[in-house]
Each structure stands twice: as C-alpha cells, then as structure tokens.
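Under this note's numbering, the first residue of the sequence shown is numbered 93, with each subsequent residue one higher.
For every residue, glycine included, the Cβ atom is placed at its ideal position computed from N, Cα and C.
What follows is a single structure, written as structure tokens, with notes after it.
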Amino acid sequence: MPFVLIAVAYLLGTFPSATLIARANGVDISTFGSGNPGASNVTRALGWRKGIWVYVLDALKGAVATGIALGLDGRPLAYWCGAAAIVGHMFPVFRRFKGGKGVATGSGVLLVLQPILAPFVLVIWWLVTRVTGKAAVGSIIAVILVPVGMAALGRPAWEFVAVGAICLLILAKHWRNFGRILRSEEPTLSATR
Numbered sequence: 093m094p095f096v097l098i099a100v101a102y103l104l105g106t107f108p109s110a111t112l113i114a115r116a117n118g119v120d121i122s123t124f125g126s127g128n129p130g131a132s133n134v135t136r137a138l139g140w141r142k143g144i145w146v147y148v149l150d151a152l153k154g155a156v157a158t159g160i161a162l163g164l165d166g167r168p169l170a171y172w173c174g175a176a177a178i179v180g181h182m183f184p185v186f187r188r189f190k191g192g193k194g195v196a197t198g199s200g201v202l203l204v205l206q207p208i209l210a211p212f213v214l215v216i217w218w219l220v221t222r223v224t225g226k227a228a229v230g231s232i233i234a235v236i237l238v239p240v241g242m243a244a245l246g247r248p249a250w251e252f253v254a255v256g257a258i259c260l261l262i263l264a265k266h267w268r269n270f271g272r273i274l275r276s277e278e279p280t281l282s283a284t285r
C-alpha cells in the first residue's frame with residue numbers, strides 16, 4: 093500500500109499544469125523564456141492570472157498527494173508522498189524528465205504538513221519577489237528559510253532532515269538561476285504580453 097501511494101503521488105506530480113494552460117492560450121511554454129514549465133514562466137508569457145492558475149494547480153498536486161497519505165497512514169508516508177509529487181513535477185516520466193522546479197508543488201506539501209510555517213514562507217516569497225522583481229530570488233530565499241522555520245518550531249529531527257532533503261533538491265533544480273542571478277541576467281517576473 094505505501095509503495096502504491098508513493099507511485100500515485102509521483103504520477104500526480106507529473107500533471108502538466110503549465111504546459112496545458114500555456115497551450116490553451118497559444119503558447120508553447122517549453123520554447124518561451126527560460127523554457128521552464130512553471131508558474132513564473134507562464135506569468136512572464138501570459139500574465140498574473142494565468143500564472144496564479146498554474147501555481148494553484150501545481151500546489152494542489154503536492155497538497156492532495158500529501159493530504160491523502162497523511163489521512164491514511166500518518167506523517168512519515170505523507171513526507172514520502174509529498175516528496176514523490178515534487179519529484180514527479182520536476183522529473184516527469186511522460187515529458188522526458190523535463191519538468192518544473194518544484195517550488196509551487198513544494199508549497200502545497202508544506203501547507204499540509206506545516207500549516208503554521210507555510211503562510212510565513214509564502215509571505216517572504218512574495219515580499220522578496222516584489223522587491224527584487226525576480227521570482228527565482230524569492231523562491232531560493234523562501235526554500236532556504238523552510239528548514240530554519242522547522243528548527244525554530246522545534247519539529248522532530250527526522251522531519252527536519254526530510255524537509256532539508258526536499259529543499260536541497262529544489263535548490264539544486266535552481267542551479268541555472270544561481271548563475272543568472274550572479275551575472276545579473278535573471279529575468280524579472282513581469283509579463284511580456
């Protein structure tokens with residue numbers, strides 16, 4: 093049963109929210125901007141409204157996978173399923189393992205497992221993104237602060253390690269962004285049309 097739920101969570105994570113919404117609006121998101129199938133790139137291509145829809149759908153993937161596992165078997169399996177949904181989003185088997193960066197899906201996981209911490213992290217993401225104009229900067233800082241928040245809340249060590257591993261994976265997916273930020277080449281979140 094646990095392995096089945098983890099597999100289902102992974103498959104749920106592969107749902108191509110950004111690709112479908114962009115395609116419905118005449119855009120091939122894989123060839124636009126960074127080519128990343130995520131909420132930020134859709135926002136640049138199609139504006140905030142479409143970007144928010146992608147964010148909500150991607151966050152739901154993580155929240156649903158995590159919530160079902162939490163209700164059926166408790167927190168350890170919920171972390172496994174949340175991680176599986178994030179991995180499915182990042183490395184979807186049906187799209188040659190070329191997916192998004194996991195921030196929105198991860199926020200859905202965090203909302204279910206750490207509902208006290210999640211709103212603070214979202215506010216930090218929004219503030220940093222608003223000030224810098226760059227979603228990647230907000231995402232990187234927010235992801236780094238998640239384990240810090242877990243430690244401040246006194247969560248058990250195993251949860252801290254689990255969240256830390258997920259955050260490291262998300263940060264690793266941002267390696268190109270780190271380079272662009274250092275070279276002052278990271279695009280802003282402003283819509284281009």
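Under 8 angstroms between C-beta atoms of residue i and residue j
| i | j | result |
| --- | --- | --- |
| ILE273 | LYS193 | no |
| SER282 | ARG136 | yes |
| ALA170 | LEU205 | yes |
| VAL229 | VAL235 | no |
| ILE178 | GLY198 | yes |
| GLY200 | GLY105 | no |
| VAL134 | ALA116 | no |
| TYR102 | ALA151 | no |
| ALA131 | ALA196 | yes |
| GLY174 | PHE183 | no |
| ILE113 | VAL148 | no |
| ARG187 | PRO108 | yes |
Where the alpha helix (DSSP H) containing residue i begins and where it ends
| i | result |
| --- | --- |
| GLY154 | 140–165 |
| PRO94 | 94–105 |
| SER109 | 109–116 |
Simplified DSSP state of residue i, which is helix, strand or coil
| i | result |
| --- | --- |
| PHE270 | helix |
| PRO248 | coil |
| THR135 | helix |
| SER122 | helix |
| LEU237 | helix |
| LEU281 | coil |
| GLY256 | helix |
| GLY174 | helix |
| PRO129 | coil |
Residue i classed as buried or exposed, judged by whether at least 16 other C-beta atoms fall within 10 angstroms
| i | result |
| --- | --- |
| PRO239 | buried |
| THR284 | With a pLDDT of 48 at THR284, under the threshold of 50, the modelled position of that residue is not reliable, and no figure is offered here. |
| VAL215 | exposed |
| ASN269 | buried |
| GLU278 | buried |
| TRP250 | exposed |
| ILE144 | exposed |
| ILE208 | exposed |
| ALA161 | buried |
Cβ-heavy atom distance, residue i to the ligand ATP, below 7 angstroms
| i | result |
| --- | --- |
| GLY154 | This structure lacks the ligand ATP, and indeed carries no ligand of any kind. |
Any chain D beta carbon closer than 8 angstroms to residue i
| i | result |
| --- | --- |
| PHE186 | No chain D appears in the structure shown, which is made up of a single protein chain. |
Exercise. Which residue spans inside the region 180–234 form an unbroken alpha helix (DSSP H) run of at least 4?
Worked result: 195–205, 209–224
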